[in-house]
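There are 2 protein chains.
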Amino acid sequence: MDVVVIDQNNFYLFQPLLYQVASAVLNPSDIAGPIRRIFRDQPNVLVALGEVTSIDLANKKLTVKGDTRDFDYLILSVGAVDNYFYHEEWKDVAPGLKTMESALGIRGKILLSFEAAELEGDPDARRARLTFVIIGGGPTGIELAGAIKELAVDIIAKDFRLANLQSTRVILIEAGERLLPSMHSDCSQRALRDLQELGVEVMLGRPVTKINKNGVCIGDDFIRSENMIWAAGIRAHPLTQALGIELGPGGRIPVEPDLSIKGYPYAFAIGDVSSVQDPKTGTPVPWVAPAAVQMGRYVADCIRAEAMGRPSTRTRPFRYRNRGIMATIGRRRAVAEVKGFRFGGFFAWCLWLFIHILFLIGFRSRIFTVLSWIQSYLFFQYGVRLIIGKEKDFALVKPVQKET
Amino acid sequence: MDVVVIDQNNFYLFQPLLYQVASAVLNPSDIAGPIRRIFRDQPNVLVALGEVTSIDLANKKLTVKGDTRDFDYLILSVGAVDNYFYHEEWKDVAPGLKTMESALGIRGKILLSFEAAELEGDPDARRARLTFVIIGGGPTGIELAGAIKELAVDIIAKDFRLANLQSTRVILIEAGERLLPSMHSDCSQRALRDLQELGVEVMLGRPVTKINKNGVCIGDDFIRSENMIWAAGIRAHPLTQALGIELGPGGRIPVEPDLSIKGYPYAFAIGDVSSVQDPKTGTPVPWVAPAAVQMGRYVADCIRAEAMGRPSTRTRPFRYRNRGIMATIGRRRAVAEVKGFRFGGFFAWCLWLFIHILFLIGFRSRIFTVLSWIQSYLFFQYGVRLIIGKEKDFALVKPVQKET
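Going line by line, the protein sequences match chains A and B.
Going by my numbering, the residue at position 379 of the first sequence is 366; the numbering climbs one at a time, nothing skipped.
Going by my numbering, the residue at position 312 of the second sequence is 299; the numbering climbs one at a time, nothing skipped.
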């Protein structure tokens, strides 16, 4: 059996820690590594760097940059992109955190804001540079808010002379009535309290109505800011739209209980691109990393059995085993929900650290991440405070426009 | 006394290890760190991110992006850029290795070449992607050549299925008659032998006459290659040309024995932008990092004495203390010249490792670099094999043009 792994990046990415690249704690290589390294000892696996541009499900063909190939089985796991809910024009001013490039871009923009604030003479403009607005109160929004607030106040404030980084405002805006809507309301309340203790301003039930380069409108209120980050939602990768099949909400592919695409039993959709209900409870499987991993295992088992002439395992439908859900708030707190138990605080945070180390791939990533965390959390130093590359193009002494 | 440190980057950079970022061994944060972190405990030091656009030596003024400020003393230490010797058009096809951005760009280009070779169907085109030409046989060229050859052959060849990375050619071209012209000819010969043992093809006495995106001309010979790197020389940062003073070769500033600019005793030029002779021997001080550091200390002493009303120390001219010069060849060898002693091989390489760790700034950089080296040199894994950002724009399945 020959396996071809096609990816537009040469690396896998452990997305749950992407916000730590954005907040200057970790290096890209701590949460990413070359895909082909993983398959070094599997001679039947070919890794191809490229972007799939179209898929012909009926004729079992896919095209990578003009090069069309046949397949016997297809596993589509291209993941998600930021969902701006028909406001794509917000993308440039409020980038999301879905790719390594965007994480490095956000890191550069955050650090550059502090640098610019140091040299800014106008108090209003300085305040705008020291105001961070995060849109979306899910795990990513909460984790970013806590990390940025701590970076400014605890880590680098002492390095500045003219700007008072202690005054950095971090504002977390959530359209819904509570944070962490995918968790129990006890966790939402605990996260709210923890964030407020850190000094993050949380606005609930307030949908954003407009974003431009000078700030954010929430109804009639305007918050002037130079730093907006989008964490309000994701949708399936646009490649799903090229399949010519009917899609569910967010461009997701409704799949059969065996995760295959309706009418194409040899084509599977897993992870953030698929929409599947638990066969017993009827609840949708959440779009989280553990679910995607479990789907991958399930589909691999099905295909392997069929390819080896054994009875197919796909008669037993996919079931998601929820091992728990967590979110971290700054350097000392987290909330967790595991099999009906809900807890928070320092113990939850330690558990969070342990689990995330466990799921990193490779010895190097683990040891380097542990060392970076020791440096950050015990010695209050963030190690990757570098502004590299085109992020510097954000002009430094640029006058901030006064109009909204 | 108020000190303002102006830099166009927010980080210092330990340039001697930049080639290890380019060859995927080290992360940027291993050899760079925030400038303002260094001065955290010195309240009279202000760090300003910005690019100096002009300097008025006579009126003691300098301009940073339209903002003009006065100074009492000036220390100009803006360093060097690649010298293409009136062939600036070669810059795009044969980038140099002077900045963090260029190191990351070269890393991306090298890794992308291997990826493209894996998918390339045409044998000639594949060969061009697996041919690396390094122009310049100084320390940077030698270190890059050894590192790229080892990366291809020892580290990642096993991860590829279709392309034979063992066949990767690394060609080092030097216009002069020997490698390492700044060292004794014994070292040159040893470096040549070591490189040839590694499988690097060395061409001596062969000036490059033309470079385009398809390869390099050396007289009538043409070497087809997709990967050219420029390491053939440096010149002073172009800011020196804005000073309105007479410059020496390479745009360097000829300075007085006290390192001040002739006619402007309050303005000093140090490091790669200055040209100074040793007062006793009459030989020029080499443009190497240890000389720049010594110049910095000398000038700081002068200014501090004068500012505090003590007798100036500048009556005693600057003297360079040469503590030795080294270059490393791959993972086991180096050549060194210390106080007339010349040696090479494994012992020199261990000394090289030790000294470079010693000169890294900060505990984090040291520990992370040591761990990366252990991983690379003992376990044969390079840790930062990531293609991130715009380097991906080098189209992947692009047909290589046949004409030269």
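Virtual Cβ for every residue (Gly too), placed ideally from N, Cα, C.
No experiment lies behind these values; they were computed from the predicted model shown.
- Measure the C-alpha to C-alpha separation of A/N70 and A/G163 and round it to an integer number of angstroms. When the Cα atoms are used, A/N70 and A/G163 turn out to be separated by approximately 16 Å.
- Task: Inspect the CB distances between the segment 33 to 44 of chain B and the segment 305 to 312 of chain B and report whether three or more fall short of 8 Å.
- Result: no
- Query: Which two residues bound the contiguous alpha helix (DSSP H) that contains B/W339?
  - Reply: G332 to F346
- Item | Delimiting residues of the alpha helix (DSSP H) encompassing A/Y364 | First-last for A/Y364: undefined, no H or E at that position.
- Task: Mind checking the segment 99 to 124 of chain A against chain B and listing, in chain order, the residues whose C-beta falls within less than 7 Å of any C-beta there?
- Result: E102 and L106
- 4 or more residues per run - each alpha helix (DSSP H) lying fully within the segment 277 to 334 of chain B: none
- For B/D17, the first and last residue of its enclosing alpha helix (DSSP H): P15 to I18
- Task: Select from the segment 137 to 153 of chain A all residues with a C-beta closer than 9 Å to any C-beta belonging to chain B, and list them in chain order.
- Result: I143, K145, D146, F147, R148 and L149
- Message: Count Cβ pairs between the segment -10 to 1 of chain A and the segment 117 to 134 of chain A that sit closer than 8 Å; are there 3 or more?
- Response: no
- Item | C-beta contact flag for A/L49 and A/A256 at 8 Å | no
- Query: Should B/D111 be labelled buried (16 or more other beta-carbon atoms within 10 Å of its own) or exposed?
  - Reply: exposed
- Against chain B: residues of the segment 0 to 23 of chain A by CB proximity under 7 Å: N14, P15, S16, A19, P21 and R23
- Item | Extent of the continuous alpha helix (DSSP H) run through A/E184 | S172 to L185
- Item | Residue of B/Q264, B/Q368 and B/S299 minimising C-alpha distance to B/I240 | B/Q264
- Message: For A/Q281 and A/R301, what's the separation of their Cα atoms in angstroms?
- Response: 14 Å
- Query: Which same chain residues, not among the five before or five after A/Q7, have their C-beta less than 6 Å away from its C-beta?
  - Reply: L13
- Query: In terms of alpha-carbon separation, which member of B/A292, B/T155 and B/I121 lies closest to B/G220?
  - Reply: B/I121
- With 16 as the cutoff for other CB atoms within 10 Å, does B/R24 come out buried or exposed? buried
- Less than 8 Å separating the beta-carbons of B/E188 and B/V157? Yes, they are a contact pair.
- Which residues does DSSP pair with A/V260 in a beta bridge? Per the DSSP secondary-structure output, A/V260 pairs with nothing in a beta bridge.
- Item | CB contact below 8 Å: A/A292 versus chain B | For A/A292, the nearest beta carbon of chain B is not closer than 8 Å to its own beta carbon.
- Say yes only if the C-beta of B/I312 is nearer than 7 Å to one or more non-hydrogen atoms of the ligand ZN, and no if none qualify. Of ligands this structure carries none, so the ligand ZN is not represented either.
- Task: Work out the CA separation of A/E161 and A/F341 for me, nearest whole Å.
- Result: 29 Å
- Taking all protein chains shown into account, decide if B/F366 is buried (16 or more other Cβ within 10 angstroms of its Cβ) or exposed. With fewer than 16 other Cβ atoms within 10 Å, it is exposed.
- Inspect the beta-carbon positions of A/R329 and A/D181 and report whether they are closer than 8 Å. no
- Give the interface partners of A/A35 over in chain B, defined as CB-CB distance under 7 Å, in chain order. L106
- Query: A/P410 to A/G269, Cα distance in whole Å?
  - Reply: Limits of chain A in this structure are -12 at one end and 391 at the other, which puts residue 410 of chain A out of reach.
- Proximity test, Cβ basis, 8 Å: B/N214 and chain A: no
- On the premise that A/K47 lies in contact with A/Y253, defined as a C-beta separation below 8 Å, what is that separation, rounded to the nearest angstrom? 7 Å
- Under the three-state DSSP convention, the category B/Y6 falls into: helix
- Task: Buried or exposed for B/C337, please, with buried defined as at least 16 other CB atoms from any protein chain shown within 10 angstroms of its CB.
- Result: Per the 10 Å Cβ criterion, exposed.
- Message: Does chain B have any CB closer than 8 Å to the CB of A/M282?
- Response: No, A/M282 lies away from the interface with chain B (no Cβ there is under 8 Å from its Cβ).
- Is the distance from the Cβ of B/A287 to the Cβ of B/L138 below 8 Å? no
- Task: Under the assumption that A/I205 contacts A/M190 (Cβ atoms under 8 Å), give the Cβ distance between them as a whole number of angstroms.
- Result: 7 Å
- Query: Terminal residues of the continuous alpha helix (DSSP H) containing A/E137?
  - Reply: P126 to E137
- Task: Starting from A/R156, follow the beta strand (DSSP E) in both directions and report where the run begins and ends.
- Result: Its beta strand (DSSP E) spans residues R156 to E161.
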